[in-house]
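Per numbering that gives the first Met the number 0, residue 0 is the first one in the sequence shown, and the count goes up by one each step.
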Amino acid sequence: MTILLGAVADDFTGATDLCNTLVRNGMRAIQLIDPPPPDLAVPEADAVVVALKSRTCPAQEAIDLTLRSLDWLRRAGARQILFKYCSTFDSTDAGNIGPVADALLDALGADFTIACPAFPETGRTVYRGHLFVGDALLSDTHMRHHPLTPMTDSNLVRVLQRQTSRTVGLLPYADVDRGVGAVAAAVVRLRDAGVTYAIADALSDQHLLTLGEALAELPLITGGSGIAMGLPENFRRQGLLQPGTNAAALPPVPGPAAVLAGSCSAATLAQIEAMAAHWPALKLDPMQLDDGQVVVDALDWARQRLAAGPVLIYASAPPAEVAQAQQVLGREEAGARVERAMAALARGLVEAGVRRLVIAGGETSGAVVKALGITGLRIGQQIDPGVPCCVTIGTPTLALALKSGNFGGPDFFTKALETMP
Ligand code: ADP
């Protein structure tokens, strides 16, 4: 197999988001979980995105994970590498965006790249090097108080400069807005001035498309999912990517369906209510989950109903109930109990024949994917903004929808099951 684009993402949902953007722009995309073993074989694809958990780990660990992923991607034929981070540039002065980008440039023998977290569709724009979320500067948003990566400076030239010994400059709005030729000229100017990283201004999708086209020859691009919008067209222009193929096509996965919900977000609670009005639903109480019998009973309950249609099992609860469980059990233990139960339920449901699974919750999804030993996902059609269907690579073949936090409309669960291949 030969891929065109290889990407490394610093977290799981970011990788899915990037795959979703690539698929919507005509590239067949596979998401791999953790650095792949050298001999891992994957189905035909145009892009592979390796999902790491490297956003907040020590910088050297992030570098090691990234370089192992890069090795696999280059062996798979990647012509260009994309380092994907959050569209709010989540990082600290210790990294990991700067150190990882430095290591990638060195490994690729490159001396210049851009950094562009802009994703106008979700309100993230960069103007004169400053990152905005909607109408607010990044440092005036809730990101200022993020527990792990507090963003107190909106000037990305300064932010990235604190993370690298190489020179950070600005590829300004005026050039990006004038088009591909002006961006190319600006890159020459920046390189001559000794700049290694240019924070690229972008206020619209058109700006991202201009950047993508102008930077087709760079071995490394860094940014949010938005910057990927302009890359597929470069491969089409070179005749490497066939126009008109349905990049979202996935093989059909017949079989019983189940929904597991561990997210307590307002959106998930509404989705549970909507699904429970039509299909069997079972609520788990974290207070009773120390007893393995609860999972055994829940699986029995599910087995009796699977032939008739999808079942829903959830631990999700409104804030007051969550607070009560956390008070009794401690925040971590309450979460860990639910995640262990969801992992065991997912394994049990698959043993019972379930082949179509919808999971609600970022951490919950992580626990389930790990419990099922999933190494990679083929990404298909979008269900709701930012959440695509996927099909596992390897056996057993499962159709999955992994939804974190507040994503999806009230009918998300049934819509996901209808959209799945
Ligand atoms: P989201 O994507 O909405 O943040 P996550 O799955 O990432 O959802 O996080 C939700 C956390 O809440 C998980 O650790 C889950 O185990 C935990 N949890 C779920 N139900 C309850 C509950 N009833 N009481 C306490 N914690 C819960």
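Ideal placement from N, C-alpha and C gives every residue a C-beta, glycine not left out. Computed from a predicted model, the values in this text were never measured in an experiment.
Task: Beta-carbon proximity check, Gly97 vs Thr151, cutoff 8 Å - done: Stepping through the sequence shown from its first residue, residue 97 is reached at position 98. Stepping through the sequence shown from its first residue, residue 151 is reached at position 152. No, they are not a contact pair.
Task: For Phe131 and Arg236, the rounded distance between their alpha carbons - done: On the sequence shown, residue 236 is found 237 positions in, with the first residue counted as 1. On the sequence shown, residue 131 is found 132 positions in, with the first residue counted as 1. When rounded, the distance between both Cα atoms is 32 Å.
Open item on the list: Considering only their Cβ atoms, is the gap separating Ile220 from Leu159 smaller than 8 Å?
Closed with: Here residue 159 corresponds to residue number 160 of the sequence shown, with the count starting at 1. Here residue 220 corresponds to residue number 221 of the sequence shown, with the count starting at 1. No. Outside cutoff.
Open item on the list: Assuming contact is defined by CB atoms lying nearer than 8 Å, are Arg54 and Thr87 in contact in what I supplied?
Closed with: Walking along the sequence shown from the start, residue 54 turns up at place 55. Walking along the sequence shown from the start, residue 87 turns up at place 88. No, the pair does not count as a contact, with Cβ atoms beyond the cut-off.
Task: Paired residues, beta bridge with Leu170 - DSSP - done: The count along the sequence shown starts at 1 and reaches residue 170 at position 171. The secondary-structure analysis by DSSP pairs Leu170 across a beta bridge with Ala199.
Task: Simplified DSSP assignment, three categories, for Asp92 - done: If you number the sequence shown from 1, residue 92 lands on position 93. It is coil, neither helix nor strand.
Open item on the list: Would Met228 and Phe412 be called neighbours here (beta carbons separated by less than 8 Å)?
Closed with: Taking the sequence shown and counting its residues from 1, the one referred to as residue 228 is at position 229. Taking the sequence shown and counting its residues from 1, the one referred to as residue 412 is at position 413. Going by C-beta atoms, Met228 is not nearer than 8 Å to Phe412.
- [ ] For Trp71, I'd like the list of residues in its chain whose CB is within less than 6 Å of its CB, leaving aside the five on either flank, ordered along the chain.
- [x] What you label residue 71 is simply residue 72 of the sequence shown in a count that begins at 1. Cβ within range, chain order: Pro35.
Task: Residue environment, His141, which counts as buried when at least 16 other CB atoms sit within 10 Å - done: For the purposes of this step, residue 141 is identified with residue 142 of the sequence shown, where counting begins at 1. It counts as exposed.
- [ ] Rank Gln79, Ala415, Thr112 by C-alpha distance to the C-alpha of Gly379 and give the top, closest one.
- [x] Within the sequence shown, residue 379 is the residue found at index 380, counting from 1. That would be Ala415, whose Cα lies nearest to the Cα of Gly379.
- [ ] Name the residue from Met26, Gly404, Glu43 whose alpha carbon lies nearest to the alpha carbon of Ala269.
- [x] Sequence index remark: in the sequence shown, residue 269 carries index 270 (1-based). Ranking the options by Cα distance to Ala269, first place goes to Gly404.
TODO: Could you name the residues that DSSP lists as bridge partners for Val16?
DONE: Translated into positions along the sequence shown, residue 16 becomes position 17. Correcting the residue identity first, residue 16 is Asp in this sequence and not Val. Asp16 is not bridged to any residue.
Open item on the list: So within the region 58 to 131, which uninterrupted beta strand (DSSP E) runs reach at least 3 residues, ignoring any that extend past its ends?
Closed with: You should have 79 to 83, 112 to 115, 123 to 126.
Open item on the list: Below 8 Å on the Cβ atoms is my contact criterion, and I expect Gly393 with Thr374 to pass it. Report the Cβ-Cβ distance as a whole number of Å.
Closed with: To locate residue 393, count along the sequence shown from 1; it is residue 394. To locate residue 374, count along the sequence shown from 1; it is residue 375. Contact holds; Cβ gap of about 6 Å.
Open item on the list: Please give me, in chain order, every unbroken run of the alpha helix (DSSP H) with length at least 4 that falls completely inside the region 352 to 380.
Closed with: 361 to 370
Task: Beta-carbon contacts of Val337 that lie in its chain and below 6 Å, excluding the five residues immediately before and after - done: As a position in the sequence shown, residue 337 is number 338, starting the count at 1. Excluding sequence neighbours, Val337 sits near Gly261, Pro285, Ala314.
Task: One or two residues paired with Ala8 in a DSSP bridge - done: If you number the sequence shown from 1, residue 8 lands on position 9. Per DSSP, Ala50, Lys83.
Task: Straight-line gap, Cys115 to Val252 (C-alpha atoms, nearest Å) - done: Stepping through the sequence shown from its first residue, residue 115 is reached at position 116. Stepping through the sequence shown from its first residue, residue 252 is reached at position 253. Taking the straight line joining both Cα atoms gives about 37 Å.
- [ ] Just tell me which of Leu107, Ser90, Asp10 has its CA closest to the CA of Leu137.
- [x] As a first step, residue 137 must be located in the sequence shown, where it is residue number 138. Of Leu107, Ser90, Asp10, the residue nearest in Cα terms is Ser90.
Open item on the list: Determine whether the beta carbon atoms of Arg27 and Gln381 lie at a separation below 8 Å.
Closed with: Position 28 of the sequence shown, counted from the start, is the residue given in the question as residue 27. Position 382 of the sequence shown, counted from the start, is the residue given in the question as residue 381. Going by beta carbons, Arg27 and Gln381 fall outside the 8 Å limit.
- [ ] Please classify Gly211: does DSSP put it in a helix, a strand, or coil?
- [x] Position 212 of the sequence shown, counting from 1, holds the residue named residue 211. Note: Gly211 maps to helix in three-state DSSP.
Task: Separation of Ala135 from Pro119, as counted between CA atoms - done: Within the sequence shown, the letter at position 120 stands for residue 119. Within the sequence shown, the letter at position 136 stands for residue 135. Taking the straight line from one Cα to the other gives about 13 Å.
Open item on the list: Only counting the same chain, and skipping five residues up and downstream in sequence, which positions put a Cβ closer than 8 Å to that of Asp290?
Closed with: Along the sequence shown, one-based indexing puts residue 290 at 291. Nothing meets the Cβ criterion.
- [ ] Would you please state the rounded distance, in angstroms, between the beta carbons of Val310 and Ala257? I believe it to be under 8 Å.
- [x] On the sequence shown, position 311 is the one that residue 310 refers to. On the sequence shown, position 258 is the one that residue 257 refers to. That belief holds up - the Cβ atoms of Val310 and Ala257 are roughly 5 Å apart, short of 8 Å.
Open item on the list: Using the three-state DSSP reduction, which class does Asp383 fall into: helix, strand or coil?
Closed with: Against the sequence shown, residue 383 aligns to sequence position 384. Correct three-state label for Asp383: strand.
Open item on the list: So, with DSSP's three-state summary, where would you put Gln30?
Closed with: Along the sequence shown, one-based indexing puts residue 30 at 31. Strand, per DSSP.
Open item on the list: Among the candidates Pro317, Met341, Thr15, whose CA atom is the shortest distance from the CA of Cys85?
Closed with: One-based indexing of the sequence shown puts residue 85 at position 86. Among Pro317, Met341, Thr15, the Cα nearest to that of Cys85 is on Thr15.
Task: Contact set for Ala343: own chain, Cβ-Cβ below 6 Å, skip 5 residues either direction - done: Counted from its first residue, the sequence shown places residue 343 at position 344. Cβ neighbours of Ala343 within its own chain (closer than 6 Å, five residues either side excluded): Val294.
- [ ] Using 10 angstroms around the beta-carbon of His144, count the other beta-carbons present and answer buried if the total reaches 16, otherwise exposed.
- [x] By one-based count along the sequence shown, residue 144 stands at place 145. By the 10 Å Cβ count, His144 comes out exposed.
Task: Exposed unless 16 or more other CB atoms sit within 10 angstroms - verdict on Asp299 - done: In the sequence shown, counting from the first residue as 1, residue 299 sits at position 300. The residue is exposed, with fewer than 16 neighbouring Cβ atoms inside 10 Å.
Open item on the list: Please enumerate, following chain order, all residues with a beta carbon closer than 5 Å to at least one heavy atom belonging to the ligand ADP.
Closed with: Cβ-based neighbours of the ligand ADP within the cut-off: Gly261, Ser262, Ser264, Pro285, Ala314, Ala316, Val321, Ala324, Ala333, Gly334, Val337, Glu338, Gly360, Gly361, Glu362, Thr363, Ser403, Gly404.
- [ ] Can you tell me the Cβ-Cβ gap for Asp9 and Arg127, rounded? I've got them flagged as a contact below 8 Å.
- [x] Position 10 of the sequence shown holds residue 9. Position 128 of the sequence shown holds residue 127. The pair is not a contact, with the Cβ atoms about 25 Å apart (cut-off 8 Å).
Open item on the list: Could you check whether Gly211 and Ala117 sit closer than 8 Å to each other, using their CB atoms as the reference points?
Closed with: To locate residue 117, count along the sequence shown from 1; it is residue 118. To locate residue 211, count along the sequence shown from 1; it is residue 212. Between Ala117 and Gly211, the CB-CB gap reaches or exceeds 8 Å.
Open item on the list: Arg354 and Ala398 - do their beta-carbons sit closer together than 8 Å?
Closed with: Along the sequence shown, read from residue 1 onward, the residue named residue 398 stands at position 399. Along the sequence shown, read from residue 1 onward, the residue named residue 354 stands at position 355. Yes; because the gap between Cβ atoms is below 8 Å, this pair is in contact.
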